[in-house]
Amino acid sequence: MTRNLVAHAVCAVIVASGAATAAEQQTLEDGWPARWNKIGPVETGVVAGIGTSIIFLEFLLKSPSTPRWDKPILFDSDARSALRAGSPGGRSRAATASDFGYAGLPIYAIVVEAGLVTWLGKDKGDVALQLALINAEALAINGVLTRVTEKTTGRSRPDKTDNAAFPSGHTSTAFAIASGLCMQHARLEVYGGVADKVVCPAALSVAATTGLLRIVSDRHWASDVLVGAALGTAVGVTVSWAHMHDGDGAPSRSFSLGPEGRSLVYGGRF
């Protein structure tokens with residue numbers, strides 16, 4: 002049942018990103034379209050503040066020493082029985098494997114796709130900066146929402162290691178980036194050709210596998226994973242859409258990496 006629900010969630014994101022292609026896909030040669038919203042210095046500062054607040058949350062908002070919520074719900078028990086690895090070593094390996102999706106998707110989106118491919122590879126600094134900032138904003142917002150919810154709900158993990166299980170942070174992070182990549186590639190041609198169509202299903206597959214491994218490792222209940230997937234998807238899609246939908250051309254301040262993609266330039270669009 003858990004696998005079916007995850008599959009349905011993945012399909013829903015693919016359909017949503019496919020619907021976005023009804024609008025014209027922009028090429029990198031077009032640059033960042035003027036009718037799209039750029040992330041400027043003020044918004045960047047706000048995002049940096051949100052991201053920094055996650056560090057303070059770790060010290061100021063403690064997980065409860067005793068669980069506020071320690072019971073499985075719905076199909077949690079059945080999913081745990083069916084999917085949990087049978088040995089401590091297997092659970093440990095599954096937890097380690099889930100870390101790769103949790104860290105790998107943000108690294109791919111920001112470092113590889115925005116930095117190496119778009120900026121250094123294709124010399125499109127303005128587009129690269131915006132893509133990196135969009136993904137960073139999604140990570141920051143998702144991180145705060147997830148950590149606050151984890152610490153306030155105080156749900157015990159299946160393996161009883163702590164009381165910060167709900168929702169799954171690994172899963173919400175992976176889906177925030179994966180769903181954002183789907184929206185970005187539906188609206189903007191990064192690689193060209195079939196490669197842009199492969200990124201979305203590949204990223205969603207990694208995100209879904211990350212969530213599944215959190216259950217296999219006994220670090221999360223199935224409901225933690227499903228809510229994490231929903232939260233991350235909502236954040237990722239919303240942040241990308243907010244900056245990549247066809248706006249009304251209203252004035253906005255922005256900054257870029259310069260026409261040659263190497264120098265910082267601050268300006269405005271009027």
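In our numbering, the protein residues as written are 2 to 271. Cβ coordinates follow ideal geometry from the N, Cα and C atoms, glycine included. No experiment lies behind these values; they were computed from the predicted model shown.
Same chain only: Cβ atoms within 7 Å of A23, ignoring 5 sequence neighbours per side:
Residue numbering aside, residue 23 sits at position 22 when the sequence shown is read from its first letter. Reliability of the predicted coordinates at A23 is poor, the pLDDT of 44 falling under 50, and no value is obtained from them.
How many Å lie between F176 and T234 at the Cα?
In the sequence shown, the residue the question calls residue 176 occupies position 175. In the sequence shown, the residue the question calls residue 234 occupies position 233. Going from the Cα of F176 to the Cα of T234 covers about 5 Å.
Cα-Cα separation, G194 to A230:
To locate residue 194, count along the sequence shown from 1; it is residue 193. To locate residue 230, count along the sequence shown from 1; it is residue 229. Computed Cα separation, rounded: 29 Å.
For V43, which option in L134, A95, D225, F76 has the closest C-alpha, if you only look at C-alpha atoms?
Within the sequence shown, residue 43 is the residue found at index 42, counting from 1. For V43, the nearest C-alpha among the options comes from L134.
Residue nearest to A203 in terms of C-alpha spacing, selected from S78, Y109, P34, I51:
As a working note, residue 203 is residue 202 in the sequence shown. Answer by Cα proximity: Y109.
What does the alpha-carbon distance come out to for the pair S157 and D197?
To locate residue 157, count along the sequence shown from 1; it is residue 156. To locate residue 197, count along the sequence shown from 1; it is residue 196. So the alpha carbons of these two residues sit roughly 40 Å apart.
Opening and closing residue of the alpha helix (DSSP H) in which N164 lies
Counting from 1 along the sequence shown, the entry for residue 164 is found at position 163. No alpha helix (DSSP H) contains N164, which DSSP labels as neither H nor E.
Going by the CB atoms, is the gap between I55 and G144 shorter than 8 Å?
On the sequence shown, position 143 is the one that residue 144 refers to. On the sequence shown, position 54 is the one that residue 55 refers to. Yes, Cβ-Cβ distance for G144 and I55 is below 8 Å.
Can you check which of these residues, R220, V238, W33, is closest to G126 by C-alpha distance?
One-based indexing of the sequence shown puts residue 126 at position 125. Comparing C-alpha distances from G126 to each of R220, V238, W33 shows the shortest one belongs to W33.
Could you tell me the distance, in whole angstroms, from the CA atom of V149 to the CA atom of W120?
As a position in the sequence shown, residue 149 is number 148, starting the count at 1. As a position in the sequence shown, residue 120 is number 119, starting the count at 1. Looking at the two C-alpha atoms, the distance is approximately 34 Å.
Going by DSSP in three states, R215 sits in which element: helix, strand or coil?
Taking the sequence shown and counting its residues from 1, one reaches residue 215 at position 214. Helix at R215.
Is G52 near A141, with beta carbons less than 8 Å apart?
Here residue 52 is taken as the residue at index 51 of the sequence shown, counted from 1. Here residue 141 is taken as the residue at index 140 of the sequence shown, counted from 1. Taking 8 Å as the Cβ cut-off, G52 and A141 qualify as a contacting pair.
L106 - DSSP class collapsed to helix/strand/coil
By one-based count along the sequence shown, residue 106 stands at place 105. Three-state DSSP puts L106 in a helix.
Could you check whether the region 220–229 touches the region 101–115, counting it as contact only if at least three pairs of C-beta atoms, one from each stretch, sit closer than 8 Å?
no
Note the first and the last residue of the continuous alpha helix (DSSP H) segment covering D79.
As a working mapping, residue 79 is identified with position 78 in the sequence shown. It spans 77–84 - the alpha helix (DSSP H) in which D79 sits, taken as one unbroken run.
Sort out for me which residues DSSP pairs R156 with in a bridge.
As a working mapping, residue 156 is identified with position 155 in the sequence shown. DSSP lists W70 as partners of R156.
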